[in-house]
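Worksheet: one structure, shown below.
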Amino acid sequence: MTSSLMRNAAVLASSVILTTQVLAGELVINTDTSDPAPKAAFAQLIEDFEAENPDVTVVWNVFDHEGYKTSIRNFLTADAPDIANWYAGNRMLPYVNAGLFEPVDDVWEEHGLNESLKSAVASMTIDGKKWGVPYTYYQWGVYYRKDIFEAHGIAVPTNWEEFKAACAALKSNGVTPITIGTKYLWTAAGVFDYLNLRTNGYDFHMALTRGEVEWTDDRVRATMANWKELVEAGYFIENHAAYSWQEALAPMVRGEAAMYVMGNFAVAPLREAGLSDDQLDFFQFPEITAGVPVAEDAPTDTIHIPANASNKEDAKRFLAFLARADVQTKINATLGQLPINSGSSVADDKFLQAGFAMLSAADGGIAQFFDRDAPAEMAKAGMEGFQEFMVKPERLDRILERLEKARQRIYK
Numbered sequence: 114m115t116s117s118l119m120r121n122a123a124v125l126a127s128s129v130i131l132t133t134q135v136l137a138g139e140l141v142i143n144t145d146t147s148d149p150a151p152k153a154a155f156a157q158l159i160e161d162f163e164a165e166n167p168d169v170t171v172v173w174n175v176f177d178h179e180g181y182k183t184s185i186r187n188f189l190t191a192d193a194p195d196i197a198n199w200y201a202g203n204r205m206l207p208y209v210n211a212g213l214f215e216p217v218d219d220v221w222e223e224h225g226l227n228e229s230l231k232s233a234v235a236s237m238t239i240d241g242k243k244w245g246v247p248y249t250y251y252q253w254g255v256y257y258r259k260d261i262f263e264a265h266g267i268a269v270p271t272n273w274e275e276f277k278a279a280c281a282a283l284k285s286n287g288v289t290p291i292t293i294g295t296k297y298l299w300t301a302a303g304v305f306d307y308l309n310l311r312t313n314g315y316d317f318h319m320a321l322t323r324g325e326v327e328w329t330d331d332r333v334r335a336t337m338a339n340w341k342e343l344v345e346a347g348y349f350i351e352n353h354a355a356y357s358w359q360e361a362l363a364p365m366v367r368g369e370a371a372m373y374v375m376g377n378f379a380v381a382p383l384r385e386a387g388l389s390d391d392q393l394d395f396f397q398f399p400e401i402t403a404g405v406p407v408a409e410d411a412p413t414d415t416i417h418i419p420a421n422a423s424n425k426e427d428a429k430r431f432l433a434f435l436a437r438a439d440v441q442t443k444i445n446a447t448l449g450q451l452p453i454n455s456g457s458s459v460a461d462d463k464f465l466q467a468g469f470a471m472l473s474a475a476d477g478g479i480a481q482f483f484d485r486d487a488p489a490e491m492a493k494a495g496m497e498g499f500q501e502f503m504v505k506p507e508r509l510d511r512i513l514e515r516l517e518k519a520r521q522r523i524y525k
């Protein structure tokens with residue numbers, strides 16, 4: 114080879130290397146998906162993304178849940194990845210307010226996400242902007258013994274009067290209407306969420322958990338009055354404060370109780386305990402105030418671009434990828450949960466199918482559950498108050514006054 118040809122070859126080789134370096138992007142992703150199913154789902158997700166985007170190399174840092182919660186503010190501030198996972202609604206509010214998350218309205222607009230991810234629009238929006246992309250959630254609602262309802266000629270209730278009538282019919286036939294275990298408090302919060310969402314609507318519920326509404330407000334009292342009807346009529350199992358949520362499944366399995374306001378994760382242990390899908394079914398928490406848009410509790414996992422990310426261009430490609438219907442179908446098949454993209458499909462499971470249809474049609478908004486939507490200190494105070502109320506409903510005024518004092522202290 115002549116010297117000129119060698120020089121030309123060297124120049125060409127150098128050019129190829131420089132071009133490769135320009136094209137090859139490094140995308141750093143931090144997640145807390147250390148449990149087996151989420152870890153497997155994210156590993157496959159990253160592999161598929163790299164296959165479609167060969168110019169991008171993903172560096173994936175996996176944290177355990179507790180380590181992630183204590184580290185996220187530090188790494189968003191000082192050593193930001195390009196992608197970080199978190200949660201929707203008020204759980205992302207502190208990072209939005211601190212300027213640590215990047216708005217991604219352009220991704221939503223470019224890829225039509227306002228329509229395909231419609232059920233999560235409200236929970237992803239703060240100050241009129243979108244702050245990430247949701248990829249999985251699971252439904253809450255009323256799980257019930259279908260065979261017991263049928264044996265006593267009870268129809269699935271769709272409104273508050275029908276629900277109370279169903280409870281009365283069950284009790285008159287020797288069946289406790291609702292099982293619950295409030296030993297660890299959060300189950301009572303699920304009941305409060307649904308009563309408040311159905312009585313006052315999503316916007317009020319979110320304002321309450323943001324500390325913008327007094328706990329002594331008449332609208333809160335209306336929610337508690339509805340709850341009090343159920344408590345004073347004896348529609349919940351006795352001694353519920355002594356039971357965990359799992360222990361409270363037993364009366365339902367034995368046929369001593371007929372309903373449980375719970376998340377879809379209760380299905381597996383109920384099946385394992387021997388209930389068949391002919392015995393067990395699900396319905397949407399019924400309407401209370403006519404005309405209030407239907408909102409649901411559906412804790413939602415999300416991904417975000419940190420404001421200090423160095424590779425926002427490829428990060429947006431990753432968000433758009435994870436928002437796709439086919440990608441959400443695949444990742445949720447591994448997670449055993451529900452995709453948010455309304456064009457996705459779900460596993461052949463009647464509870465997942467019911468939950469997907471219900472959440473996709475939830476035009477009133479998606480709440481994240483009381484202990485996600487409220488700050489930790491307020492959530493603890495609230496849930497303690499809910500449990501106390503269910504045991505001693507006559508203390509309602511005292512409980513609400515205590516929660517109001519807590520609100521004034523915590524949100525100042």
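The opening residue of the sequence shown carries number 114 in the working numbering; numbering runs sequentially from there. Every residue, glycine too, gets a C-beta built ideally from N, C-alpha and C.
Checklist entry - Of the choices Ala494, Ile293, Val171, Phe395, whose alpha-carbon is the least far from that of Tyr356? => result Ile293
Checklist entry - Is there contact here, the segment 399-407 with the segment 187-206, by at least three beta-carbon pairs under 8 angstroms? => result no
Next on the checklist: Would Ile293 pass as an interface residue toward chain B - the criterion being a Cβ-Cβ separation below 7 angstroms?
Outcome noted: Considering every chain present, this structure includes no chain B. It has just one protein chain.
Checklist entry - Whose C-alpha, out of Gly266, His353, Glu274, is nearest the C-alpha of Thr295? => result Comparing Cα-Cα distances from Thr295 to each of Gly266, His353, Glu274, the minimum goes to His353.
Next on the checklist: On the DSSP bridge list, what partners appear for Trp221?
Outcome noted: The bridge partners DSSP lists for Trp221 come to none.
Item to check | C-beta contact flag for Ala193 and Ala422 at 7 angstroms | outcome: yes
Checklist entry - So is Pro149 buried or exposed if we call it buried at 16+ other beta carbons inside 10 Å? => result exposed
Item to check | Check whether Val234 and Phe398 have beta carbons under 7 angstroms apart | outcome: no
Item to check | Bounding residues of the alpha helix (DSSP H) (the contiguous stretch that carries Asn339) | outcome: 331-345
Item to check | Euclidean distance between Cα positions of Glu275 and Ile142 | outcome: 49 angstroms
Checklist entry - Quick one: complete beta strand (DSSP E) runs, 3+ long, within the segment 392-452? => result 393-396, 413-417
Checklist entry - Residue range of the beta strand (DSSP E) that Ala197 falls in? => result 196-200
Checklist entry - Do you know whose CA, among Thr336, Ala320, Asp330, Glu160, lies nearest Thr312's CA? => result Thr336
Next on the checklist: On the DSSP letters alone, give me the boundaries of the beta strand (DSSP E) that Met375 sits inside.
Outcome noted: Here the beta strand (DSSP E) through Met375 covers 370-376.
Next on the checklist: Helix, strand or coil for Tyr250? Go by DSSP, reduced to three states.
Outcome noted: Correct three-state label for Tyr250: strand.
Item to check | Best match in Glu426, Val304, Leu388 for proximity to Gln500 [C-alpha to C-alpha] | outcome: Val304
Next on the checklist: Using C-beta distances below 7 angstroms, list every residue in its chain close to Glu139, excluding the 5 sequence neighbours before and after it, in chain order.
Outcome noted: Thr170, Val172, Asn424
Checklist entry - Hey, which unbroken runs of the alpha helix (DSSP H) at 4 residues or more fall wholly within the segment 236-315? => result With a minimum length of 4 residues, the unbroken runs of alpha helix (DSSP H) contained wholly in the segment 236-315 fall at 259-264, 273-285, 299-313.
Checklist entry - Per DSSP, what kind of secondary structure is Ala381 in: helix, strand or coil? => result helix
Checklist entry - Can you list, in chain order, the residues of its chain whose CB lies under 7 angstroms from that of Ala181, leaving out five sequence neighbours each side? => result According to the sequence displayed, residue 181 carries Tyr and not Ala. Excluding residues within five positions, the ones whose Cβ falls inside 7 angstroms are Asp145.
Checklist entry - Comparing alpha-carbon positions, which option in Met491, Ala475, Lys429 lies nearest Ile228? => result The amino acid occupying residue 228 in the given sequence is Glu; Ile does not appear at that position. Answer by Cα proximity: Ala475.
Item to check | DSSP state of Ala474 mapped onto helix, strand, coil | outcome: coil
Next on the checklist: If you follow the alpha helix (DSSP H) that Glu327 is in, where does it begin and where does it stop?
Outcome noted: Note, Glu327: premise wrong, no alpha helix (DSSP H); not H, not E.
Checklist entry - By DSSP, does Val172 sit in helix, in strand, or in coil? => result strand
Item to check | Where the alpha helix (DSSP H) containing Ile350 begins and where it ends | outcome: Per DSSP, Ile350 belongs to no alpha helix (DSSP H) and is neither H nor E.
Checklist entry - Cα separation between Gly245 and Arg520? => result 28 angstroms
Next on the checklist: Here's the rule I'm using: 16 or more other beta-carbon atoms within 10 Å means buried, otherwise exposed. How should Glu409 be labelled?
Outcome noted: Classification of Glu409: buried, given that the 10 Å Cβ count is 16 or more.
Checklist entry - Is it buried or exposed for Tyr315, if we count other Cβ within 10 angstroms and need 16 for buried? => result buried
Checklist entry - In chain order, what residues of the same chain have a beta carbon less than 8 angstroms from the beta carbon of Tyr536, not counting five sequence neighbours either side? => result Missing from the structure shown is residue 536; the chain here goes from 114 to 525 and no further.
Item to check | Anticipated Cβ contact below 8 angstroms, Val288 with Ala371, distance rounded | outcome: 5 angstroms
Next on the checklist: How far does the alpha helix (DSSP H) with Thr183 in it extend, from its first residue to its last?
Outcome noted: Segment 178-191, the alpha helix (DSSP H) holding Thr183.
Next on the checklist: Is it buried or exposed, Gln134, if we count other Cβ atoms within 10 angstroms and call 16 or more buried?
Outcome noted: Note that Gln134 scores a pLDDT of 38, beneath 50, so its modelled location is shaky and nothing firm can be said.
Next on the checklist: Just to confirm my understanding: we take Ala492, look at its own chain, exclude 5 residues before and 5 after, and list those with CB closer than 7 angstroms. What are they?
Outcome noted: Phe483, Asp484
Checklist entry - Ala480 by DSSP, collapsed to three states: which one? => result strand
Checklist entry - Would you call the segment 429-436 and the segment 327-344 touching, i.e. three or more CB-CB distances under 8 angstroms? => result With a cut-off of 8 angstroms on Cβ pairs, the segment 429-436 is not in contact with the segment 327-344, counting fewer than three such pairs.
Item to check | Integer Cβ distance of Leu70 from Trp328, believed to fall under 8 angstroms | outcome: Outside the modelled stretch of the chain, which goes from 114 to 525, sits residue 70, for which no answer is possible.
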